[in-house]
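Take a look at the structure set out below.
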Amino acid sequence: MTRTRTYRLCVTLAAMLMVLGMTATIAGAASMEIWPSERRANKTFFCYGDDWNWMLFMIYPEEIGTHRFDLPEEFVEPTVLTVTVPEAIEFLGAGIMRGATINTEFETEALTLDGRQYRRVRIPLAAEDLNQRLIKGGYYYQLLLWFDAPATLDDTLSYSLTYGERELAAGSSRLLTAGVIEDGRPLPERFGFYPYGIHNTVPGADYDRMADFWRRFGVSGMEAHWTGGLPSEDGQPTRYHLTFEANRRHGINNIANMTLFGREHGGEYGGGQEKTMALGGLVPAMDLTVAGLESAEALADWEAAHGFFDMALWDWEPTGPHIWPGYDDPATIAAFARERGLPEDLSAEAVREQHAEEYARFRMEQIARPLYAMQRTINAVEPIPLRIEQGSGSSSHVDYDVYGHDFPALTPMIYRPSPLAYARNLLETLANTDVPAEKFWPDMTIGWSLVPVHRNTPQEFLLDTVVTAAAGCGSVSHWPNMPYCDAVWFGIHEGLARIAMVEQFYLDGAQAEGISLEGVPYREETIRLGNRTLDHSAPDWRASLITFAHEHEGEQLLTLMNYHQSEACFVRVSGTQGRYLVNPVESVYQSLEGAGTVLVEVPAQSPGLWIATDDEARIAGCRQIERATVQERFAAARDAFLESNAKSEVNLGTVGDITTAYGMAEFGGEERVVLQVRTPEQTVSFGASGGRVFAWDVEGMEPFVSGGTFGTDGLVMDMLWLPSGARWSGDEVAEYTLVECSNDGNEARVVYETALSKGAPGIRLRKTYRVAATGTTLAVEVSFRNERVDAEPAQLAYWSHNVFGESAAHFVSDDRTHETPRGTTTVFPAEGLPEALQPEVLMRDKIVEAIGPVYAEYFPERNAGLIFRLPERFMNVYRWCHYDKQMCGSEWMSQPLSIGAGGTESLNFSITAVPDATPESLAEMTRTSAPVEGGAASPTNLLPWDFSELGDDGLPTGWTVDVRGDNADQIEVSAALDETGESVVTMAMPREGSAYLDTTGRFKLDPAQDYVLAVQVKVEDMRYTGDWYGRPAGVRIYVYGTDNRHTWLAIHGEGSTDGWVTALLPFPLADHREQFANSRVLLRCYNMTGTVSFRNPVILRPPAGVAVQKAFELTDGTIVADGKLQLHR
């Protein structure tokens, strides 16, 4: 039996269905949301109590927001945003886009909903602005709602956007007070907070109240793109000036963002390859940049503006030498040779092979020259600090040590998806540079509208802020600016207040020696590995506890960062000095007298601060905690953990050729305990964190799993793509419960479970690995169980994240190899992906082509590869290759799953390791690899029998061939591969006769759904006698139900088609749906001569809202409606 490809045309057919069913009544797809609350899993908008608040409504001209709708061709009817707010809040007005003031004159009405008082506000949106932004410009439109919230608030705000009589979008958010920014609360004296961007349109133009809020919050300075806000010629102050002046009155530094200045005067300072080479190379380009930044024009511009500013910031972001190594830059190679005293004719190959590191540093020095030019221009007028923003932390493509010592502050943009990922990246960044930590003022982020929200609660920002100070950084920054951030920022304020209590330890202290800080697990097991004995524990606090110990003037500060999402951490402390251990935040202390060790409790997702001291003033006003009380709390927490995390059924040992045992694997910079499944051909090592594959060793294949970064590496990391607010929630690295490890000699099963407590509360994930005794395939089933009681089903899409320790990985499918360069991202959506899901595919500009569910990754440096067999319900594959590190990723997302209360949905997939591979051998293996779920059908082909499998008679299996008529013996029916590799069935009728190609059996479909049969057909020299109606003649294509209910298409007349045409036959008939629940497909030629070929029969579901008509699509794209195609000689 032979299997051929079946997936090629699905995406083409789906696109054609959309064309046939679409009407041109809209300008395009759009979306809307409250940012950021409607992206969060908790749907919460956090508020400042007793203070101003601002809520951002975003309308996008694309489907990236939470609520999607169709834009009109032009806004001509009234468009109104109606917002229903609790009576408890004071509505202050709305900042409508392009407006210079906060508007307050809106139509309002009071109403009662569910016994609670609300106020409904109608905000008209100008058609001119909507058309200009959304229709003509293709830009977003935004509105900022201002209100004053009470000290305590827990209510709901809802809204509706209407156009004429039609509602375009509607949504809501929970309003929850995060806290009150109190005046007089002690804040750090030196550790600063420098958020991006002033906002100069505030209620009542009360700039002093806004600046006073920032002062109370703890803001040290805010920046502005000043080139857009200098005085007009008549000297009248602008809103920028009024904001600057108010900031200074309240002790807030004004920071000049020099980025636009740099673009205006610095030319191609970024060092991008194409534009730089157009200027003669990196050295000549930097010569021009330096000259421009120090020109008289630049100096005059800065001299006119400098008086408003106290600091400067350059959002620099160049192309570093690790992205563009510059071996194609002869002018810079020559300059390098001159400076280093090397031969004048130094070749690029010699540089690459003998001077690569020296040359990279030389290029980095050239790229940094504009920084010094900018600093000289600033200082020529009046010296102020210049802060440099660049790099993404540990994965940065710039070398901080080249320029970092010469500037007061560096701001790496450590935009990481969770607090733990941020902390680990920050610590790795500081550990890999000799620039002092206090010079680093890292940028953290809430996220922004084009990607998932990264911070969902104030508690997460509290962790970010405290760990930044504990790591020794001088300050912390944030992007984006105020309108994009709700009172989740209260966590930053709370962090600043806590840092103020211990600031001298972080900035003036030293690392304390001899102190032991150890998270105490709730379960411990002893594991013997040969001569070694290991303690395996749960929770494994190495994965979620980060500790620091500082000493200053005879006291010691312990900073205990517990990143575990649900469990308090009890930390065993020993080696401290002093009589007391004081927690200044909670105003409690323990006595250290007579105690070698003590136990302290740190709540889940919290920082703990404890000071070991002899100073009795520290305990004044504090409550003492007895050590026995802490032990009792630990025992209670342990018992609760053990009750909810029952000990797993782990059977270790050898059965047949399979061994299951504990072992060790290097992962995330540490040696970790793993559960191993060993066969003669492979060893797979599973870690408790995320139930991931930490290592996979295959006979004849070098190790390929990336394990350098704990928070992101490994294989089969479980994440959620939808809802978007659940992405990178932290669940993906939580410690899973190992519930089963079994081995019957034929295969081993390893089963992990976890609750998605943060990304999807109420959903439980169960992951089952199967490892066979033979072969090198890892089979996986991921199940989601909905433990909620909601009436509405849970909607989620799975995201499988895989990282390889390879410097290159090339995509291989059955008919192509995509050689992916370093630094490249590629996206491959599923063939036939419904139009409604197209917006969920990320980075649409990176799409290469649509694919089926089987593909391979080829590792060219090892001549090896992996074959991925995905579920039929996959949505897209997302691939990337790091520009510098030996690291590549192959990730995939599923289509959304709908899981009712108490229900379960599962996805099955597998990965096969292939040593000694070539792109050609991998391509052949993908051709012979079936999808994991289902048989030969394509991802959206609901017809069980296509032409992909040929039987012993050389004809498609699942089909019956019949020939009739006086000349039946001369009719030949055959199947063969055409030039595209597709299997084609050809009926040749040299003398008049009939040939039938019918499905042997019936297939079952849901009669409530709509379907379309699509098949390609080619007719050559068709002729017949008689008449069409009295005596059937020509080609007919049927879907035949029961009770003789059927529908059909026809090709009649005499002549040939111009190549292949595509037939589209929608069904079932509206009045006979039940009869089509069991149907057959009939492809028939009646009473004719000529040759007819059929290719690629598929049954698809049309996209939602698309009504497909009977039709033929000709080769040139012409649509012939009504289901009858007339041929002519």
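Per this note's numbering: the sequence shown = residues -3 to 1125. Beta carbons are placed, not taken as given, at the ideal position from N, Cα and C, and that holds for glycine.
A Cβ-Cβ distance of about 4 Å is found for the pair residue 36 and residue 721, placing them in contact under the 8 Å criterion. With respect to residue 1078, residue 949 sits apart: the two C-beta atoms are not nearer than 7 Å.
For the set 360, 1030, 844 and 694, the Cα lying nearest the Cα of residue 1120 is the one of 1030. Membership of residue 271 in the alpha helix (DSSP H) is indicated by the continuous run 269 to 274. Per DSSP, reduced to three states, the secondary structure at residue 1007 is strand. Under the 10 Å beta carbon count, residue 359 is surrounded by 16 or more other beta carbons and is classified as buried. Within the same chain, 954, 955 and 956 come within 7 Å of residue 996 by CB-CB distance, once the 5 residues on both sides are set aside.
DSSP places residue 921 in the helix class (H, G or I) of the three-state scheme. Assigned with DSSP and collapsed to three states, residue 217 falls in strand. According to the DSSP assignment, residue 635 belongs to the alpha helix (DSSP H) that extends over 623 to 640.
Beta-carbon to beta-carbon, residue 726 and residue 1096 are separated by about 39 Å, too far to satisfy the 8 Å threshold.
Around the beta carbon of residue 718, a 10 Å sphere encloses 16 or more other beta carbons of the protein chains shown; the residue is thus reported as buried.
The three-state secondary structure of residue 586, taken from DSSP, is strand. In the same chain as residue 167, and ignoring 5 residues on each side of it, the C-beta atoms closer than 8 Å to its own belong to 28, 29, 30, 34, 62, 63, 154 and 155, in chain order.
In the structure shown, residue 537 falls within a helical segment according to DSSP collapsed to helix, strand and coil.
By the CB criterion at 7 Å, residue 174 and residue 564 fall outside the cutoff. Between the region 891 to 903 and the region 774 to 794 there are three or more inter-stretch CB-CB distances shorter than 8 Å, so the stretches are counted as touching. Taken through DSSP and simplified to helix, strand or coil, residue 1056 comes out as coil. Nearest Cα to residue 579 within the set 472, 550, 886 and 609: 609. Around the beta carbon of residue 652, fewer than 16 other beta carbons lie within 10 angstroms, which makes this residue exposed.
Residue 388 has no beta-bridge partner at all, per DSSP. Nearest C-alpha to residue 146 among 309, 81, 106 and 425: 81. Taken through DSSP and simplified to helix, strand or coil, residue 693 comes out as strand. The way I'd put it, the region 752 to 761 doesn't touch the region 670 to 684; fewer than three beta-carbon pairs between them come closer than 8 Å. Straight-line spacing of the CA atoms in residue 333 and residue 353 works out to 14 Å. Put simply, of 420, 731 and 870 the residue whose alpha carbon is nearest the alpha carbon of residue 518 is 731.
Contact check between the region 870 to 884 and the region 739 to 757: fewer than three CB pairs, one atom from each, fall below 8 Å, which does not count as touching. Residue 891 and residue 43 have their C-alpha atoms spaced approximately 35 Å apart.
Taking each of 335, 326, 737 and 812 in turn and checking the Cα distance to residue 344, the smallest one comes out for 326. In the structure shown, residue 842 falls within a helical segment according to DSSP collapsed to helix, strand and coil. The beta carbon of residue 79 is closer than 6 Å to those of 117 and 155 in its chain, skipping five residues each way along the sequence.
Secondary structure note for residue 460: its alpha helix (DSSP H) is the uninterrupted segment 454 to 466. Counting along the chain, residue 603 sits inside the beta strand (DSSP E) bounded by residues 602 to 609.
Annotated three-state conformation of residue 1108 is strand, per DSSP. Excluding sequence positions up to five before and after residue 1125, its CB lies within less than 6 Å of the CB of 1050 and 1051, all in the same chain and listed in chain order. Scanning the region 261 to 344 for uninterrupted alpha helix (DSSP H) segments of 4 residues or longer gives 269 to 274, 278 to 289, 292 to 301 and 326 to 336, listed from N- to C-terminal end.
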